[in-house]
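Colleague: Take this structure first; my questions come after.
Residue numbers (the working numbering), protein chains in the order written: chain W, 1 to 566; chain R, 1 to 111.
Below you can see the structure in the form of structure tokens.
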């Protein structure tokens with residue numbers, strides 16, 4: 001058949017199984033949009049390219065498969081960058097396709113020309129500047145294979161307009177096989193034997209789960225291992241949902257906002273088994289004092305992560321599911337009643353401190369717990385970044401993998417709403433709740449228009465304290481209460497704003513008889529909505545380890561309000 | 001490339017390790033490699049890149065002079081992750097002053 005590069009790109013994406021693309025058109029990508037006109041691919045028109053990037057991320061985080069975001073050259077490409085960088089740090093498979101000025105104009109400072117290849121180079125797993133229509137045959141399947149293989153991540157494809165317009169002739173048999181996830185070599189049996197013997201010899205083992213456990217589909221195996229070895233489990237932000245919070249061995253999130261008991265348990269551990277985790281500074285605190293008594297075993301699919309921060313006694317490069325399956329096959333049950341009791345004691349002795357529901361129903365911890373009680377177990381929650389995100393991580397019971405989508409590594413405010421739209425597109429029929437803050441939501445508020453257009457069952461629950469709360473908290477704790485640029489002196493009426501976008505908007509009255517009941521009623525009504533929940537402005541997320549301090553130096557209580565509630 | 005040298009650790013020639021890379025030969029490969037050194041604050045002292053004979057210019061061999069610091073292993077692993085890098089190995093057979101020996105002063109024209 002004879003066609004052009006844009007149409008070939010459309011065919012290759014269809015063959016990849018792509019059914020939804022989020023993006024915004026513009027001059028340099030218009031030939032491809034013309035090709036989409038004939039396609040069964042559904043295009044989601046966003047109101048900002050960053051929204052398109054995060055909608056694609058939402059789809060990818062729910063399915064584990066690479067999703068596509070689309071933008072034009074110049075500002076279209078630069079607007080995508082934050083979402084690409086975010087995908088890189090959280091290992092999310094994403095294929096970002098941008099238009100580029102015609103090759104003859106590259107390097108001339110042409111209208112809407114920017115070096116998208118150069119800009120995406122440090123924030124992608126790999127990137128391509130396509131120089132001919134024929135190259136698309138290799139580039140597109142490769143891009144998907146790279147995005148999904150090994151440690152997943154973003155791939156950028158920059159396609160000059162003349163490449164999209166170029167005529168190409170090929171037979172159907174010339175079309176390449178779709179790019180697929182390629183497995184990695186299994187690690188040696190001897191290493192698994194050694195791991196099994198380390199675990200068997202340990203008296204106080206702890207499993208430290210990272211996002212790699214969820215990416216590998218190894219959550220059930222990790223939980224089985226925890227019970228077989230009687231090893232308590234700590235989780236990074238990215239691994240929440242791998243082990244349900246009801247599990248007696250689950251100790252919650254470790255690190256900066258982990259409970260004192262969780263970080264104390266790590267002080268006492270004699271074996272730390274890290275699975276798909278990368279010893280991020282928010283998890284380890286001061287690295288030199290992290291798990292001081294523990295031998296470290298580390299399994300990761302990315303060889304460069306082994307020993308990057310902490311040199312393990314035993315490092316295994318492999319797929320977490322494969323390693324855990326083989327490990328379980330040779331591991332006898334090992335009851336460690338004293339250690340399990342110690343974990344249970346630490347968990348019970350150091351709960352989150354918050355006032356009871358009857359006294360302060362809209363305390364953020366109570367709202368998070370209430371959401372956990374009222375949402376179905378398969379509901380998907382996204383968050384933005386800030387205090388509300390950490391309260392959710394601490395208090396919301398994430399029961400299943402891929403139901404808690406949050407920007408962990410990059411910490412991007414503005415992630416939540418578009419990610420929720422993407423999650424809803426990928427999981428039709430399920431309730432999706434974006435928990436956000438009054439700072440974060442304004443960073444991608446324009447996507448309420450996209451949401452109104454799509455009429456998806458996405459609810460935004462806004463923790464509104466008129467502040468950049470986590471900034472305010474750090475200024476209170478570490479900058480001698482010099483509050484600079486952390487308070488909003490003018491705030492929109494968020495419920496009215498939602499209505500202006502054509503979405504149901506509700507403001508919860510904190511003085512009403514049953515504000516949580518009002519919240520439940522607002523959530524129960526069908527369709528998209530925004531629920532503005534007023535939160536006390538002086539509250540801190542506690543415990544908190546000061547940045548750079550060791551995890552045992554955690555701050556448990558601060559202001560008079562916290563003490564009064566403790 | 002002084003701008004990508006981490007100022008906290010200025011190496012001397014005697015502590016240079018030579019890494020040999022086989023890379024895909026296309027216009028972006030060099031950017032990927034130098035960019036990796038820059039953003040991870042690894043020291044890169046010297047670069048030599050020559051197209052491989054015999055494969056129609058599809059690959060090149062690159063020799064990198066890298067400060068022999070504790071993070072060398074991490075440097076190698078990060079390089080291996082680059083899609084355009086096909087193989088990485090150390091060249092202990094090459095002396096630390098290998099690159100200096102390649103530099104020839106231009107012939108003087110002033111007489």
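Virtual Cβ for every residue (Gly too), placed ideally from N, Cα, C.
1. Could you have a look at residue 100 of chain W and say whether DSSP puts it in helix, strand or coil?
2. Between which two residues does the beta strand (DSSP E) carrying residue 469 of chain W extend?
3. If you check the beta carbons only, do residue 275 of chain W and residue 212 of chain W fall under 8 Å apart?
4. Could you give the DSSP three-state label for residue 34 of chain R: helix, strand or coil?
5. Pick out whichever of W/360, W/90, W/209, W/143 has its Cα sitting closest to the Cα of residue 181 of chain W.
6. Quick check on residue 199 of chain W: does DSSP put it in helix, strand or coil?
7. Please determine if the stretch 13-25 of chain W and the stretch 33-47 of chain W are in contact, where contact requires at least 3 C-beta pairs separated by less than 8 Å.
8. Determine, for residue 60 of chain R, whether the minimum Cβ-Cβ distance to residues of chain W falls below 8 Å.
9. In chain order, what residues of the same chain have a beta carbon less than 8 Å from the beta carbon of residue 234 of chain W, not counting five sequence neighbours either side?
10. Looking only at DSSP bridge pairs, what is residue 62 of chain R linked to?
11. Which residues does DSSP pair with residue 157 of chain W in a beta bridge?
12. So with Cβ pairs under 8 Å, would you call residue 31 of chain R a contact of chain W?
13. Let's see if you can read the secondary structure: which residues bound the beta strand (DSSP E) around residue 251 of chain W?
14. Rounded to a whole number of angstroms, what is the C-alpha to C-alpha distance between residue 372 of chain W and residue 219 of chain W?
15. Who are the near neighbours of residue 526 of chain W in its chain, counting only those whose CB is closer than 8 Å to its CB and skipping five residues on each side?
16. I think residue 13 of chain W touches residue 41 of chain W, with their Cβ atoms under 8 Å apart; what is that distance to the nearest whole Å?
17. Restricting to Cα atoms, I'd like to know which of W/487, W/48, W/462, W/454 is closest to residue 470 of chain W.
18. Quickly, what does DSSP pair residue 554 of chain W with across the bridge? List them, please.
19. Give the DSSP-derived three-state secondary structure of residue 138 of chain W in the structure shown.
20. Assign residue 60 of chain W to buried or exposed, taking buried as 16 or more other Cβ atoms, counted over all protein chains shown, within 10 Å of its Cβ.
21. Please determine, among R/66, R/33, R/87, the residue with the shortest C-alpha to C-alpha distance to residue 16 of chain R.
22. Starting from the C-beta of residue 618 of chain W, find all residues in its chain whose C-beta is less than 6 Å away, skip the five residues before and the five after it, and write them out in chain order.
23. Residues bridged to residue 544 of chain W by DSSP?
24. On the DSSP letters alone, give me the boundaries of the beta strand (DSSP E) that residue 2 of chain W sits inside.
25. On the three-pair Cβ rule with 8 Å, is the stretch 510-524 of chain W touching the stretch 546-557 of chain W?
26. In whole angstroms, what separates the C-alpha of residue 125 of chain W from that of residue 64 of chain R?
27. For a contact meaning CB atoms closer than 7 Å, what does residue 121 of chain W contact in chain R?
28. Which of the three DSSP states, helix, strand or coil, is assigned to residue 208 of chain W?
29. Hey, would you say residue 198 of chain W sits closer than 8 Å to residue 297 of chain W, going by beta carbons?
30. Could you give the C-beta distance for residue 494 of chain W and residue 448 of chain W, rounded to a whole number, given that I count them as a contact under 8 Å?
31. What is the C-beta distance between residue 544 of chain W and residue 238 of chain W, in whole angstroms, given that I count them as a contact (C-beta under 8 Å)?
32. Cβ-heavy atom distance between residue 172 of chain W and the ligand GDP below 7 Å?
33. Among the candidates R/89, R/108, R/93, whose CA atom is the shortest distance from the CA of residue 19 of chain R?
34. Could you spell out the range, first to last residue, of the alpha helix (DSSP H) harbouring residue 76 of chain R?
35. Where does the unbroken beta strand (DSSP E) through residue 505 of chain W begin, and where does it stop?
36. So residue 90 of chain W and residue 437 of chain W are supposed to be a Cβ contact under 8 Å. How far apart are they, rounded?
Modeller: A quick look at the data gives this:
1. By 1-based counting over the first chain, the position of residue 100 of chain W is 100. Strand.
2. The residue labelled residue 469 of chain W in the question sits at position 469 within the first chain. From DSSP, residue 469 of chain W is part of no beta strand (DSSP E) but of the alpha helix (DSSP H) over 469-478.
3. Start at 1 with the first residue of the first chain, and residue 275 of chain W comes out as number 275. Start at 1 with the first residue of the first chain, and residue 212 of chain W comes out as number 212. Yes, these two residues count as a Cβ contact at 8 Å.
4. In the second chain, the residue the question calls residue 34 of chain R occupies position 34. Residue 34 of chain R carries a helical assignment under DSSP once its states are collapsed to helix, strand and coil.
5. Residue mapping note: residue 181 of chain W aligns to position 181 of the first chain, counting from 1. Of W/360, W/90, W/209, W/143, the residue nearest in Cα terms is W/143.
6. The residue labelled residue 199 of chain W in the question sits at position 199 within the first chain. It is helical.
7. yes
8. In the second chain, the residue the question calls residue 60 of chain R occupies position 60. In terms of beta-carbon proximity, residue 60 of chain R stays away from the interface with chain W, with every pair separated by 8 Å or more.
9. Residue mapping note: residue 234 of chain W aligns to position 234 of the first chain, counting from 1. Hits under 8 Å: 206, 207, 208, 209, 251, 252, 253, 254, 258, 262, 265, 266.
10. Translated into positions along the second chain, residue 62 of chain R becomes position 62. Looking at the DSSP output, residue 62 of chain R bridges to R/21, R/49.
11. In the first chain, residue 157 of chain W corresponds to position 157, counting from 1. Its beta-bridge partners are W/97, W/128.
12. In the second chain, counting from the first residue as 1, residue 31 of chain R sits at position 31. True, the Cβ-Cβ gap to chain W drops below 8 Å.
13. What you label residue 251 of chain W is simply residue 251 of the first chain in a count that begins at 1. Element bounds for residue 251 of chain W: 250-253.
14. As a position in the first chain, residue 372 of chain W is number 372, starting the count at 1. As a position in the first chain, residue 219 of chain W is number 219, starting the count at 1. The alpha-carbon atoms of residue 372 of chain W and residue 219 of chain W are separated by roughly 20 Å.
15. Here residue 526 of chain W refers to the residue found at position 526 of the first chain. Here the set comprises 457.
16. If you number the first chain from 1, residue 13 of chain W lands on position 13. If you number the first chain from 1, residue 41 of chain W lands on position 41. Confirmed, about 6 Å.
17. Your numbering for residue 470 of chain W matches position 470 in the first chain. Residue 470 of chain W has its Cα closest to that of W/487, out of W/487, W/48, W/462, W/454.
18. On the first chain, position 554 is the one that residue 554 of chain W refers to. Under DSSP, residue 554 of chain W takes part in no beta bridge, so it has no partner.
19. To locate residue 138 of chain W, count along the first chain from 1; it is residue 138. Residue state, collapsed to three classes: helix.
20. Against the first chain, residue 60 of chain W aligns to sequence position 60. With 16 or more other Cβ atoms within 10 Å, it is buried.
21. Along the second chain, one-based indexing puts residue 16 of chain R at 16. Minimum Cα distance to residue 16 of chain R is reached at R/66.
22. Any property of residue 618 of chain W remains undetermined from this structure, which presents chain W solely from 1 to 566.
23. Position 544 of the first chain, counting from 1, holds the residue named residue 544 of chain W. Answer is W/555.
24. Along the first chain, one-based indexing puts residue 2 of chain W at 2. First-last of the beta strand (DSSP E) with residue 2 of chain W: 2-4.
25. no
26. Translated into the one-based positions of the first chain, residue 125 of chain W becomes position 125. Translated into the one-based positions of the second chain, residue 64 of chain R becomes position 64. Computed Cα separation, rounded: 22 Å.
27. Residue mapping note: residue 121 of chain W aligns to position 121 of the first chain, counting from 1. Correct list: 31, 32, 35.
28. To locate residue 208 of chain W, count along the first chain from 1; it is residue 208. In the structure shown, residue 208 of chain W sits in a strand (DSSP, three-state: E or B).
29. In the first chain, counting from the first residue as 1, residue 198 of chain W sits at position 198. In the first chain, counting from the first residue as 1, residue 297 of chain W sits at position 297. Residue 198 of chain W places its beta carbon less than 8 Å from that of residue 297 of chain W.
30. For this step, residue 494 of chain W is matched to residue 494 along the first chain. For this step, residue 448 of chain W is matched to residue 448 along the first chain. About 10 Å separates the two Cβ atoms, so there is no contact after all.
31. Here the question's residue 544 of chain W lines up with position 544 in the first chain. Here the question's residue 238 of chain W lines up with position 238 in the first chain. Rounded, the Cβ-Cβ distance is 19 Å, inconsistent with contact.
32. Absence of the ligand GDP from the depicted structure is noted, as is the absence of any ligand whatsoever, leaving it without description.
33. Here residue 19 of chain R corresponds to residue number 19 of the second chain, with the count starting at 1. That would be R/89, whose Cα lies nearest to the Cα of residue 19 of chain R.
34. Taking the first residue of the second chain as position 1, residue 76 of chain R is located at position 76. Start and end: 72-81.
35. As a first step, residue 505 of chain W is located in the first chain; it is residue number 505 there, counting from the start. 504-507 is the extent of the beta strand (DSSP E) around residue 505 of chain W.
36. Reading the first chain from its first residue, position 90 is the one you call residue 90 of chain W. Reading the first chain from its first residue, position 437 is the one you call residue 437 of chain W. About 19 Å separates the two Cβ atoms, so there is no contact after all.
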